[in-house]
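Working notes, structure below.
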Amino acid sequence: MSFRNAPLAVTHSCDKSAIFTSEIRAAIDALIAKYPTDWKQSAVMPTLTLVQDANDGWLTTELMNAVAAYLDMPEVSVYEVATFYGMYDLEPQGKHKVCICNSVSCLLRGSDTLLHHVESKYNVHPNEITADGRFTLKEVECLGACCGAPAVMIDKQYYENLSPGSLDKLIDGLE
Amino acid sequence: MTDKITIEIDGRACEAAPGEMIITVADRMGISIPRFCYHKKLSIAANCRMCLVEAEQGGRPFPKPVPACATPIAAGMKVWTRSPKAIEAQQGTMEFLLINHPLDCPICDQGGECELQDVAVGYGGDVSRFAEGKRVVEDEDFGPLIATDMTRCIQCTRCVRFCAEIAGVRELGATGRGEDMRVGTFVAHAVNHELSSNIIDLCPVGALTAKPSRFTARAWELTGVDGIAPHDGVGSNLSLHIRRGQVMRVHPRENDAVNETWISDRDRYSYLGLNSADRLTVPLLKQQGVWREVDWSTALTQVAERLKSAPPAEMGWLLSPTATLEELYLAQRLARELGCANIDHRLRQQDFSGDASDPLLPWLGVSIAELESQRSLFLIGTDLRQEQPLLAHRVRKAAVAGAQVMCLNPLQIDLNHPAQQFVGAPATMITDLAAIAQAAGASGSGTVGELLATATPTPAHVAAATALRDAGQSASGLILLGSLATAHPNFALLKMLAYALAAATQCRVGYLPAAANSVGAYLAGAHPRRLPGAKPIAAGLTTAEILNNALKTLVLWGIEPELDLENPASALNACAKADFVIACSAFRSPALENAADVLLPIGIFAETSGTYVNASGTWQRFQGAIPPPGEARPGWKVLRVLGNLLDIQGFNYQDGAQVRDELAALCADSQFDNAPSAELVAHTELMQADMMRIGGVPIYATDPLIRRALPLQQLPMTRSVFGVYLHPNQATALGLIATDWVRIHQANGEITAPCFFDEHIAMGCAYIAAGIEASALLGNQIGAIDLLVKVAAPTRTGTR
């Protein structure tokens with residue numbers, strides 16, 4: 095048997111108009127429209143991002159099931175995507191996400207110092223929320239910003255060439 | 028296929044088709060390449076990297092070793108599987124695979140037959156360079172059939188791909204990433220599919236092992252004996268693994284024409300019923316109502332005397348269609364020599380009015396493999412996945428390849444592929460079928476003509492007719508009648524309409540033989556209108572007549588009367604009325620002891636040699652693998668001795684093969700043909716009632732052996748909790764709520780059972796399973812039930 099060339103679609107017979115809010119559905123439909131008609135499930139990653147953003151930054155199993163139902167794909171395929179990528183979180187998160195790159199360029203330029211600094215100053219470890227719930231500290235794989243290493247992503251914004259001091263300022267500016 | 032090209036593997040010239048993968052060509056040439064993730068029946072994943080080989084194309088070497096499973100060949104390609112570069116790559120992969128694999132072979136059930144173990148011997152280092160901690164993965168509970176040790180998993184994803192591509196249920200997945208990647212369901216639910224245990228064979232390591240046989244035997248203690256599965260019309264080829272006269276486990280044996288490389292869970296675990304505590308191990312004789320153990324000669328002399336003195340017209344022989352060809356042939360020979368033509372194997376049929384026009388030798392109509400290439404399939408009265416898991420797999424393959432599948436059933440069945448389902452009460456099934464036939468332009472006279480004239484096709488009916496007609500034009504349309512059709516009170520009428528539809532659409536008609544030897548039984552002459560070789564003869568009594576005519580002598584072969592017959596109430600009644608009931612059985616049960624006067628212990632499944640003729644008419648012979656327990660004997664030997672005691676000429680068979688050869692000679696000119704043998708006839712009164720019982724036989728209740736395989740009985744299958752399943756609207760109309768208990772009255776039997784809502788059931792119907800203890804007091808599997816009254820739920824009383 096050769097490579098699979100058809101999507102593993104599973105038709106969910108539930109009422110699709112009862113899933114998510116109408117704004118989210120419209121946004122997902124716009125994403126689906128970018129792909130061939132029988133490849134709805136190609137939209138799974140941006141859909142998960144949308145759904146995660148609308149749920150205080152994390153995904154529940156129910157939400158993943160809803161994504162599967164909306165995109166007519168097997169639930170476990172959604173779990174596979176959501177557990178594979180670092181940008182999806184399956185636990186409750188702080189108000190913001192401070193993501194420190196741990197890959198080679200940033201490490202050579204001192205990202206470990208940044209990490210230790212945040213850990214000791216805010217008394218938080220990777221994948222933990224600060225006591226005041228202000229942010230979750232995350233250690234992430236290469237952000238692709240090697241030219242500006244060390245790089246940190248706060249929510250969806252990149253900040254480059256950081257030092258403990260400049261990172262502190264950024265964190266202090268978080269609500 | 029396009030032209031062949033030639034490539035070179037390890038210096039050998041190999042002919043191959045363009046686009047084939049290197050590993051396919053190498054396998055065909057007998058050149059071994061190590062692999063874990065590749066399996067010829069699954070899609071290519073190329074994720075284990077074990078099959079790396081060195082290759083060059085057009086004189087230019089590939090820059091890196093390439094995976095043989097995912098590299099298509101091209102003319103002039105050269106491949107080296109054992110070159111220093113290839114070996115180095117394979118050894119490197121092996122070292123990585125072993126990093127996280129526990130060194131627990133001594134306590135692993137796969138030890139001794141483990142692909143990883145074997146390949147590690149060939150490619151692994153003797154000392155590990157890995158000094159860090161190994162990862163540990165939490166186990167998941169996959170149910171009573173599959174044991175998991177997920178720490179051993181090397182993430183080849185064969186099980187994931189099997190579930191998605193073959194089973195058609197995407198339940199397993201690989202979640203997490205890198206070292207945290209794990210194979211499982213993520214949400215922890217049991218894998219529940221009739222083919223699920225094939226992932227045990229697919230697993231190259233000991234991550235998935237068979238729970239029932241775990242820790243009971245080592246691979247090197249077992250002797251493989253070829254066998255044939257006795258539970259459905261497929262006749263899957265098995266390898267029975269034997270140790271000291273016991274079947275320790277069952278594996279599939281590859282046969283592309285029959286079961287490919289798979290077997291159903293039913294075929295895999297039914298052997299567990301062999302050691303059931305209620306095996307019949309000595310001949311038993313009932314004297315003044317008390318069972319007494321006797322020796323064979325006493326029992327058989329007694330049986331021979333009673334048979335000799337019984338008036339032949341007052342005698343009936345009911346033979347299980349799971350009996351071997353040899354048993355069926357000898358049994359009907361005995362009966363016919365005694366002058367009795369009342370022989371039947373169609374135990375789950377109630378309407379015999381079409382007998383006179385039935386095909387002489389009904390069969391599937393196509394070979395099993397040809398099911399895949401049909402463009403349109405119309406399944407009438409069959410819960411195919413439950414009845415014939417591997418035929419359902421073939422139908423699924425056809426559907427995935429684009430075939431139109433239509434179903435006509437009294438309940439909506441669970442399918443793992445797209446299908447158009449017509450659901451209606453038994454009488455509605457007839458009108459639905461007539462509507463489709465009318466839309467297809469069928470014609471007929473008499474009742475069929477009337478039904479066609481009054482039919483009002485809906486767009487769905489027209490679409491189904493069109494799909495069949497389109498496929499019929501390319502000779503790839505098939506109309507199949509299954510066991511819910513066989514049990515239908517108007518089976519003959521269904522057949523008439525099916526033939527009318529087939530004629531109008533140029534489709535073929537096929538029968539889904541319910542049991543391992545349903546087709547063979549026609550060849551053996553175990554039928555009131557067929558002599559051996561499926562030659563027609565004046566009619567004897569059918570199953571229904573044998574049960575309803577108060578015959579004096581009954582012979583039951585491999586049957587539990589309260590479970591294996593379409594109408595258990597009349598079966599028990601017939602046994603009670605008969606003067607003498609001879610039961611040849613592998614098991615004893617209270618109902619059988621109550622019904623019979625003599626019990627003769629016979630071997631079952633692996634305990635006897637024999638032949639099965641499968642749905643597509645293939646004769647499959649097998650040897651006995653283990654001796655029957657105690658005094659039990661293979662059935663054909665019991666019949667041989669009985670024949671000799673009755674002084675029948677030519678009954679001195681030396682071995683089973685001689686019996687088979689004699690029958691084969693009689694069958695030399697028998698043709699499998701589903702064309703009606705005469706102008707179609709049927710009783711025309713349409714069975715209608717306010718409330719119809721529809722009783723499917725659950726997948727793990729089809730025969731006495733299966734019913735005793737405990738792990739299968741523990742599986743939570745659809746509707747496996749006994750009760751009355753009603754459409755929610757139906758229940759509301761009756762004023763029932765979901766927790767109510769109801770009283771069911773059918774024939775002279777009455778039971779109370781909980782009521783469940785199930786929107787898959789047609790209106791006007793109540794699904795009450797057949798073939799199980801709880802419904803053994805009821806009548807027809809599909810038939811009118813008298814009343815449904817709300818009753819109080821029983822309170823638990825008495826001792827446990």
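Protein chains in written order, with this note's numbering: chain A, 95 to 269; chain B, 28 to 827. Positions of the beta carbon are idealized from the N, C-alpha and C atoms, including for glycine.
Next item on the list: Kindly indicate if chain A contains any beta-carbon less than 8 Å away from that of B/VAL432.
Entry: Position 405 of the second sequence, counted from the first residue, corresponds to residue 432 of chain B. By this cut-off, B/VAL432 is not an interface position.
Check: What is the DSSP secondary structure of B/SER400, reduced to helix, strand or coil?
Finding: Here residue 400 of chain B is taken as the residue at index 373 of the second sequence, counted from 1. B/SER400 carries a helical assignment under DSSP once its states are collapsed to helix, strand and coil.
Next item on the list: Could you name the residues of the same chain whose beta carbon sits closer than 8 Å to that of B/MET208, not counting the 5 residues immediately before and after it, in chain order?
Entry: Position 181 of the second sequence, counting from 1, holds the residue named residue 208 of chain B. For B/MET208, where only same-chain residues beyond five positions count, the Cβ hits under 8 Å are GLN182, ALA201 and THR202.
Margin query: According to DSSP, is B/ARG827 part of a helix, a strand, or is it coil?
Written below: Here residue 827 of chain B is taken as the residue at index 800 of the second sequence, counted from 1. Because the pLDDT at B/ARG827 is just 39, under 50, the model does not fix this residue reliably, and the value given afterwards should be weighed accordingly. When secondary structure is reduced to three states using DSSP, B/ARG827 falls in the coil class, being assigned neither helix nor strand.
Next item on the list: Scan the stretch 158-175 of chain A for residues whose Cβ lies nearer than 7 Å to a Cβ of chain B and list them as they occur along the chain.
Entry: Here the close residues are PRO168, VAL170, SER171, TYR173 and GLU174.
Notebook entry, point to check: Going by C-alpha distance, which of B/PRO94, B/HIS515, B/ARG39 and B/LEU235 is nearest B/GLY408?
Noted result: What you label residue 408 of chain B is simply residue 381 of the second sequence in a count that begins at 1. Considering only alpha carbons, the answer is B/HIS515.
Next item on the list: Return the chain-ordered list of same chain residues with a C-beta closer than 8 Å to the C-beta of A/VAL145, the five sequence neighbours on each side being excluded.
Entry: Along the first sequence, read from residue 1 onward, the residue named residue 145 of chain A stands at position 51. Excluding positions up to five away in sequence, the list reads PHE114, ILE118, LEU153, LEU157, ALA160 and VAL161.
Check: With distances taken from CA atoms, which of B/ALA174, B/SER501 and B/ARG197 is nearest B/PHE242?
Finding: As a working mapping, residue 242 of chain B is identified with position 215 in the second sequence. The shortest Cα separation from B/PHE242 among B/ALA174, B/SER501 and B/ARG197 belongs to B/ALA174.
Note to self: Pop quiz: B/VAL187 and B/VAL163 are said to be a contact at Cβ under 8 Å. What is the actual Cβ separation, rounded to whole angstroms?
What the structure shows: As a first step, residue 187 of chain B must be located in the second sequence, where it is residue number 160. As a first step, residue 163 of chain B must be located in the second sequence, where it is residue number 136. No, B/VAL187 and B/VAL163 are not in contact; Cβ-Cβ is about 21 Å, not under 8 Å.
Item checked: A/LEU102 at chain B interface by Cβ criterion, 8 Å -> Here residue 102 of chain A refers to the residue found at position 8 of the first sequence. Judged by the 8 Å Cβ criterion, A/LEU102 is in contact with chain B.
Margin query: Under DSSP, the beta strand (DSSP E) around B/HIS268 begins and ends at which residues?
Written below: Sequence index remark: in the second sequence, residue 268 of chain B carries index 241 (1-based). It spans 264-270 - the beta strand (DSSP E) in which B/HIS268 sits, taken as one unbroken run.
Item checked: Closer than 8 Å at the beta carbon, the chain A residues around B/LEU199 -> Position 172 of the second sequence, counted from the first residue, corresponds to residue 199 of chain B. What B/LEU199 touches in chain A: VAL170.
Next item on the list: List the residues of chain B that A/THR155 touches, going by C-beta distances under 9 Å, in chain order.
Entry: What you label residue 155 of chain A is simply residue 61 of the first sequence in a count that begins at 1. The answer, in chain order, is PHE213 and VAL214.
Next item on the list: Please confirm whether B/VAL640 and B/VAL748 have their CB atoms less than 8 Å apart.
Entry: Position 613 of the second sequence, counted from the start, is the residue given in the question as residue 640 of chain B. Position 721 of the second sequence, counted from the start, is the residue given in the question as residue 748 of chain B. No.
Item checked: Pair within 8 Å by beta-carbon distance, B/SER240 and B/ARG276 -> As a working mapping, residue 240 of chain B is identified with position 213 in the second sequence. As a working mapping, residue 276 of chain B is identified with position 249 in the second sequence. Between B/SER240 and B/ARG276, the C-beta gap is smaller than 8 Å, which places the two residues in contact.
Item checked: Short Cβ contact (8 Å threshold) for B/ILE290 with B/ALA246 -> Along the second sequence, one-based indexing puts residue 290 of chain B at 263. Along the second sequence, one-based indexing puts residue 246 of chain B at 219. Using a Cβ distance threshold of 8 Å, B/ILE290 and B/ALA246 do not count as a contacting pair.
Checklist line | Within chain A, the residues that B/THR202 reaches when beta carbons sit closer than 7 Å | finding: As a working mapping, residue 202 of chain B is identified with position 175 in the second sequence. TYR173, GLU174 and THR177, listed in chain order.
Next item on the list: Would you tell me roughly how many angstroms separate the C-alpha atoms of A/ILE265 and A/LEU125, rounded to the nearest one?
Entry: Your numbering for residue 265 of chain A matches position 171 in the first sequence. Your numbering for residue 125 of chain A matches position 31 in the first sequence. A straight line joining the alpha-carbon of A/ILE265 with that of A/LEU125 spans about 33 Å.
Notebook entry, point to check: Is the stretch 112-127 of chain B touching the stretch 75-82 of chain B in the sense that three or more CB pairs, one from each, lie closer than 8 Å?
Noted result: In short, these stretches touch, since the Cβ pair count reaches three.
Check: Where does A/PRO140 fall in DSSP's three states?
Finding: Position 46 of the first sequence holds residue 140 of chain A. In this structure, A/PRO140 counts as helix in the three-state DSSP scheme.
Note to self: Quick check on B/SER802: does DSSP put it in helix, strand or coil?
What the structure shows: Your numbering for residue 802 of chain B matches position 775 in the second sequence. For B/SER802, the secondary structure class from DSSP, reduced to helix, strand or coil, is helix.
Notebook entry, point to check: chain A beta carbons: is any one of them nearer than 8 Å to that of B/ALA469?
Noted result: Here residue 469 of chain B refers to the residue found at position 442 when the second sequence is read from its first residue. Taking Cβ atoms only, chain A never reaches closer than 8 Å to B/ALA469, which makes this a no.
Item checked: Buried versus exposed, by CB contacts within 10 Å (16 or more), B/TYR526 -> Within the second sequence, the letter at position 499 stands for residue 526 of chain B. With 16 or more Cβ atoms within 10 Å of its Cβ, B/TYR526 is classed as buried.
Next item on the list: Evaluate B/GLU198 with the Cβ neighbour count: other Cβ atoms within 10 Å of its Cβ, from every protein chain shown; 16 or more gives buried, anything less gives exposed.
Entry: Working through the second sequence from its first residue, we reach residue 198 of chain B at position 171. Result: buried.
Notebook entry, point to check: Per the contact definition of three or more C-beta pairs closer than 8 Å, is the stretch 471-479 of chain B in contact with the stretch 432-440 of chain B?
Noted result: Taking a cut-off of 8 Å for Cβ pairs, the stretch 432-440 of chain B and the stretch 471-479 of chain B do not touch, as fewer than three such pairs fall below it.
Next item on the list: Identify the contact partners of B/ALA191 in chain A, using a Cβ-Cβ distance below 7 Å as the criterion.
Entry: By one-based count along the second sequence, residue 191 of chain B stands at place 164. For the C-beta of B/ALA191, the chain A residues within less than 7 Å are, from N- to C-terminus, LEU102.
Notebook entry, point to check: DSSP three-state call for A/LEU184: helix, strand or coil?
Noted result: Walking along the first sequence from the start, residue 184 of chain A turns up at place 90. Three-state DSSP puts A/LEU184 in coil, outside helix and strand.
Item checked: Rounded separation between B/CYS534 and B/GLU320 - CA only -> Your numbering for residue 534 of chain B matches position 507 in the second sequence. Your numbering for residue 320 of chain B matches position 293 in the second sequence. Cα to Cα, the separation comes out at about 56 Å.
Notebook entry, point to check: Out of B/GLY499, B/GLY316, B/ALA194 and B/LEU508, which has the shortest C-alpha to C-alpha gap to B/GLN376?
Noted result: Taking the first residue of the second sequence as position 1, residue 376 of chain B is located at position 349. Nearest option by C-alpha distance: B/LEU508.
Next item on the list: Using three-state DSSP, classify B/PRO781 as helix, strand or coil.
Entry: In the second sequence, the residue the question calls residue 781 of chain B occupies position 754. It is a strand residue.
Note to self: Applying the 10 Å Cβ sphere with the 16-neighbour rule, what's the burial state of A/GLY259?
What the structure shows: Sequence index remark: in the first sequence, residue 259 of chain A carries index 165 (1-based). The residue in question, A/GLY259, is exposed, as its Cβ has fewer than 16 Cβ neighbours within 10 Å.
Note to self: According to DSSP, B/ALA201 sits in a beta bridge with which residue or residues?
What the structure shows: Position 174 of the second sequence, counting from 1, holds the residue named residue 201 of chain B. Answer is B/VAL210.
Next item on the list: Enumerate, from N- to C-terminal direction, the unbroken alpha helix (DSSP H) stretches of 4 or more residues contained entirely within the stretch 186-233 of chain A.
Entry: You should have 198-202 and 205-216.
Next item on the list: Would you mind sorting B/THR33 into buried or exposed? The rule is 16 or more other CB atoms within 10 Å of its CB.
Entry: Within the second sequence, numbered from 1, the residue matching residue 33 of chain B stands at position 6. Under this definition B/THR33 is an exposed residue.
Notebook entry, point to check: Apart from the five residues just before and just after B/MET56, which ones in its own chain have a Cβ nearer than 6 Å to its Cβ?
Noted result: Counting from one through the second sequence, the residue named residue 56 of chain B turns up at place 29. Non-local C-beta neighbours of B/MET56 in its own chain, meaning closer than 6 Å and more than five positions away in sequence, comprise CYS41, ordered along the chain.
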